[in-house]
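There are 2 protein chains.
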Amino acid sequence: MNLSFADFKLHHQLSESKVWDWFYQLHHAKLEVKNPAIAKQKLKRIMQATFKLSHDKGFALMTLRDLARQSDLSLGGIYSYIGSKEQLALMIHQFLPFVFSKTLTRHPEQPLSQSNLAKENCVAERARAALITFICEHLYLSEWLTPWFFFAFMEAKYSSPKIRKVALENESTTQQVLFERVANVSIASHHELSQQSALLVAMNIKSLLQSWYLKRPIYHKQKVTVDDYANHLAQLINRGIIDGNGQSK
Amino acid sequence: MNLSFADFKLHHQLSESKVWDWFYQLHHAKLEVKNPAIAKQKLKRIMQATFKLSHDKGFALMTLRDLARQSDLSLGGIYSYIGSKEQLALMIHQFLPFVFSKTLTRHPEQPLSQSNLAKENCVAERARAALITFICEHLYLSEWLTPWFFFAFMEAKYSSPKIRKVALENESTTQQVLFERVANVSIASHHELSQQSALLVAMNIKSLLQSWYLKRPIYHKQKVTVDDYANHLAQLINRGIIDGNGQSK
DNA sequence: ATAAAACGAACGAACGTTCGATATTGTGTT
DNA sequence: AACACAATATCGAACGTTCGTTCGTTTTAT
Numbered sequence: 023m024n025l026s027f028a029d030f031k032l033h034h035q036l037s038e039s040k041v042w043d044w045f046y047q048l049h050h051a052k053l054e055v056k057n058p059a060i061a062k063q064k065l066k067r068i069m070q071a072t073f074k075l076s077h078d079k080g081f082a083l084m085t086l087r088d089l090a091r092q093s094d095l096s097l098g099g100i101y102s103y104i105g106s107k108e109q110l111a112l113m114i115h116q117f118l119p120f121v122f123s124k125t126l127t128r129h130p131e132q133p134l135s136q137s138n139l140a141k142e143n144c145v146a147e148r149a150r151a152a153l154i155t156f157i158c159e160h161l162y163l164s165e166w167l168t169p170w171f172f173f174a175f176m177e178a179k180y181s182s183p184k185i186r187k188v189a190l191e192n193e194s195t196t197q198q199v200l201f202e203r204v205a206n207v208s209i210a211s212h213h214e215l216s217q218q219s220a221l222l223v224a225m226n227i228k229s230l231l232q233s234w235y236l237k238r239p240i241y242h243k244q245k246v247t248v249d250d251y252a253n254h255l256a257q258l259i260n261r262g263i264i265d266g267n268g269q270s271k
Numbered sequence: 023m024n025l026s027f028a029d030f031k032l033h034h035q036l037s038e039s040k041v042w043d044w045f046y047q048l049h050h051a052k053l054e055v056k057n058p059a060i061a062k063q064k065l066k067r068i069m070q071a072t073f074k075l076s077h078d079k080g081f082a083l084m085t086l087r088d089l090a091r092q093s094d095l096s097l098g099g100i101y102s103y104i105g106s107k108e109q110l111a112l113m114i115h116q117f118l119p120f121v122f123s124k125t126l127t128r129h130p131e132q133p134l135s136q137s138n139l140a141k142e143n144c145v146a147e148r149a150r151a152a153l154i155t156f157i158c159e160h161l162y163l164s165e166w167l168t169p170w171f172f173f174a175f176m177e178a179k180y181s182s183p184k185i186r187k188v189a190l191e192n193e194s195t196t197q198q199v200l201f202e203r204v205a206n207v208s209i210a211s212h213h214e215l216s217q218q219s220a221l222l223v224a225m226n227i228k229s230l231l232q233s234w235y236l237k238r239p240i241y242h243k244q245k246v247t248v249d250d251y252a253n254h255l256a257q258l259i260n261r262g263i264i265d266g267n268g269q270s271k
């Protein structure tokens with residue numbers, strides 16, 4: 023029904039090096055170092071060091087001396103890649119919308135008017151599928167780019183206004199798509215949630231998506247894979263979450 | 023069925039000043055200032071300033087000069103209350119388990135053995151009620167102490183080991199109680215989730231609890247009260263979340 | 001007038017960033 | 001192939017600033 027993480031990676035040809043190719047593609051104009059091969063390699067070292075250190079002590083408490091040690095570069099060397107500490111954070115935050123635009127499925131999906139609810143089951147199933155597809159894609163992207171998602175979530179709030187703007191725009195776009203698709207499901211299945219309830223459900227789903235990349239180590243210790251989690255969420259959708267209000271069993 | 027936030031406050035006699043009475047009670051031994059009335063008033067100013075500043079820029083980026091300005095105290099004056107910046111954070115983190123121990127309902131709740139499943143509905147209902155009670159109490163406490171919960175969540179990970187220990191112990195206690203009560207529901211209602219699934223559900227519930235105090239302003243803008251949210255979660259429980267695995271509607 | 005509380009200038013440590021010196025790489029000429 | 005010379009990339013000592021914290025002094029309350 024919904025595709026697996028392996029399928030997703032295959033479909034988008036997501037290799038390990040593709041991350042750094044894309045990252046270089048997005049930021050190469052800002053770099054002082056012009057050789058692409060060298061730049062990709064050093065950017066990888068710097069970003070991975072940033073993820074480790076900011077995961078351990080937080081970006082604010084991460085020192086550029088820490089970063090130099092962890093990435094095996096010198097203090098000055100790092101500055102040929104990042105410009106400043108703040109821009110380092112900005113580069114990371116900007117990467118996520120860039121990847122979204124390259125991977126997320128556009129759903130031109132004609133809006134559900136009252137007229138074409140004829141074949142109900144079909145329409146309802148398609149609305150459900152559109153929601154679940156979006157959930158799976160987000161989940162799989164966050165699996166592929168866990169450190170990036172983690173960083174974006176943890177550091178967005180406490181960054182400069184410029185960075186916060188990037189992060190909040192990205193977040194609210196996601197929230198909005200989620201809301202629309204939840205609303206479509208509730209309309210198509212004639213359960214007609216109030217706008218408030220649909221929003222509540224959409225926010226809940228986002229929390230559960232975040233839970234995956236925030237607590238991935240815990241899930242893995244319990245032998246829960248990302249495919250397991252995707253199925254788990256799909257079942258929540260297919261069962262009670264978007265039903266009419268309140269009649270308990 | 024489940025009590026309201028107003029009932030909860032009434033039952034525990036939670037007034038605005040009670041927060042500071044309890045906070046002083048927990049920490050008075052460490053203070054250099056001995057006059058209780060003065061200390062409570064100044065502690066309130068310092069903590070509220072800490073919440074505002076760490077909410078805006080994060081605790082790591084909050085300066086003690088910021089704190090002095092925001093709380094209308096001098097740099098030196100603050101140190102008669104907090105000892106050090108790290109101890110200020112520790113004092114906040116320690117407060118939550120202290121409040122839990124004073125307010126959370128102990129459920130001595132005989133463990134559900136196979137033998138007393140006779141009156142099934144009754145047992146199942148009681149297991150469900152125990153879970154929902156715990157959820158509501160957590161929700162209401164987080165409503166009463168939103169800044170404290172917010173601070174504990176955002177700053178726990180990036181604190182000293184001593185602080186992290188307090189925060190993680192508190193979190194995993196909550197997680198464990200949640201897990202037990204979810205498992206009890208699934209046993210009592212003969213749906214017998216796997217241990218893995220019960221844990222997944224318990225973690226999901228915790229995410230949804232956190233969502234309340236992390237995004238409270240958004241919920242409020244949508245006119246969602248804490249009682250609304252409590253009912254919403256209760257309905258999720260009473261409907262699909264803890265049902266057998268997988269048969270979609 | 002004595003104790004309690006608040007104050008803020010001053011200190012050393014550590015931070016982000018710069019920049020001139022050094023090392024490495026790539027290219028054109030023997 | 002060997003060399004030389006730019007061009008490119010890396011380095012880390014040094015700078016100015018800001019941080020958490022201290023402590024001798026002043027203010028307030030009894």
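So the protein sequences, as listed, match chains A and B.
23 is the number of the first residue of the first sequence in my numbering; add one for each residue after it.
23 is the number of the first residue of the second sequence in my numbering; add one for each residue after it.
The beta carbon of each residue, even a glycine, is placed where N, CA and C say it ideally should be.
All figures in this text were calculated on a predicted structure; none of them were measured in a lab.
Query: Nearest candidate by alpha-carbon position, reference Leu171 of chain A, set A:Tyr46, A:Lys228, A:Ser208; Result: Looking at the sequence provided, one finds Phe at residue 171 of chain A rather than Leu. Checking every option, the nearest Cα to that of Phe171 of chain A belongs to A:Lys228.
Query: Proximity test, Cβ basis, 9 Å: Ser96 of chain A and chain B; Result: no
Query: Proximity below 9 Å, CB of Ser181 of chain B to CB of Ala252 of chain B; Result: no
Query: Chain-order list of residues whose beta-carbon lies under 6 Å from that of Ala71 of chain B (same chain, five-residue window excluded); Result: Leu89, Gln92, Ser93
Query: Residue-chain proximity (Asn226 of chain A, chain B), Cβ-Cβ < 9 Å; Result: yes
Query: 9 Å Cβ cutoff, Tyr180 of chain B in contact with chain A; Result: yes
Query: Below-9 Å beta-carbon distance, Leu36 of chain B vs any chain A residue; Result: no
Query: Beta-carbon gap between Val4 of chain B and Val223 of chain B smaller than 9 Å; Result: Shown here, chain B extends from 23 to 271; a query on residue 4 of chain B therefore has no answer.
Query: Straight-line Cα distance separating Ser219 of chain B from Leu139 of chain B; Result: The pLDDT assigned to Leu139 of chain B is 49, lower than 50, so where the model puts this residue is not dependable; a value taken from the coordinates is nonetheless given after this. If I take the Cα positions, the gap works out to 22 Å.
Query: Cβ-Cβ distance between Glu191 of chain B and Pro119 of chain B below 9 Å; Result: yes
Query: Separation of Leu167 of chain B from Gln244 of chain B, as counted between CA atoms; Result: 21 Å
Query: Cβ of Val248 of chain B within 9 Å of any chain A Cβ; Result: no
Query: Below-9 Å beta-carbon distance, Leu112 of chain B vs any chain A residue; Result: no
Query: Beta-carbon spacing of Ser61 of chain A, Tyr103 of chain A below 9 Å; Result: According to the sequence as given, residue 61 of chain A is Ala; it is not Ser. In this structure, Tyr103 of chain A lies closer than 9 Å to Ala61 of chain A by Cβ.
Query: Helix, strand or coil at Glu54 of chain A [DSSP, three-state]; Result: coil
Query: Pick from B:Ser194, B:Ser39, B:Phe30 that is closest to Gln63 of chain B, judged by C-alpha positions; Result: B:Ser39
Query: Partner residues on chain B for Leu222 of chain A, Cβ-Cβ distance less than 9 Å; Result: Tyr241, Gln244, Val246, Asp250, Tyr251, His254
Query: Any non-hydrogen atom of the ligand NAD closer than 8 Å to Ala189 of chain B Cβ; Result: This structure lacks the ligand NAD, and indeed carries no ligand of any kind.
Query: Partner residues on chain B for Leu163 of chain A, Cβ-Cβ distance less than 7 Å; Result: Per Cβ cutoff of 7 Å: no residues; Leu163 of chain A is ~19 Å from chain B at best.
Query: Contact with chain A by Met176 of chain B, beta-carbon distance below 9 Å; Result: yes
Query: Interface flag, Lys237 of chain B vs chain A, CB-CB below 9 Å; Result: yes
Query: Enclosing alpha helix (DSSP H) for Thr125 of chain B [first to last residue]; Result: 107-125
Query: Closest Cα partner of Asp249 of chain B within the set B:Ile157, B:Ser96, B:Phe122, B:Asp43; Result: B:Ile157
Query: Within chain B, partners of Gln218 of chain A - CB distance below 9 Å; Result: Gln244, Lys245, Val246, Asp250
Query: For Ser76 of chain B and Ile68 of chain B, the rounded distance between their alpha carbons; Result: 12 Å
Query: Close beta carbons around Phe117 of chain B, own chain, < 7 Å, minus the five adjacent residues each side; Result: Phe45, Leu48, Trp170
Query: Neighbouring residues, chain B, relative to Leu230 of chain A (Cβ below 7 Å); Result: Asn226, Ser229
Query: Below-9 Å beta-carbon distance, Lys79 of chain B vs any chain A residue; Result: yes
Query: Short CB-CB distance (under 9 Å) between Ser39 of chain B and chain A; Result: no
Query: Cβ-based contacts, 8 Å cut-off: residues of the stretch 48-82 of chain A near chain B; Result: Lys79, Gly80, Ala82
Query: Backbone CA spacing between Gly80 of chain A and Glu177 of chain A [nearest angstrom]; Result: 8 Å
Query: Residue from B:Gln109, B:His212, B:Ala210 whose Cα sits closest to the Cα of Lys184 of chain B; Result: B:Gln109
Query: For Asp94 of chain B, three-class secondary structure by DSSP; Result: coil
Query: Arg203 of chain A at chain B interface by Cβ criterion, 9 Å; Result: no
Query: Min CB distance Ser26 of chain B to chain A below 9 Å; Result: no
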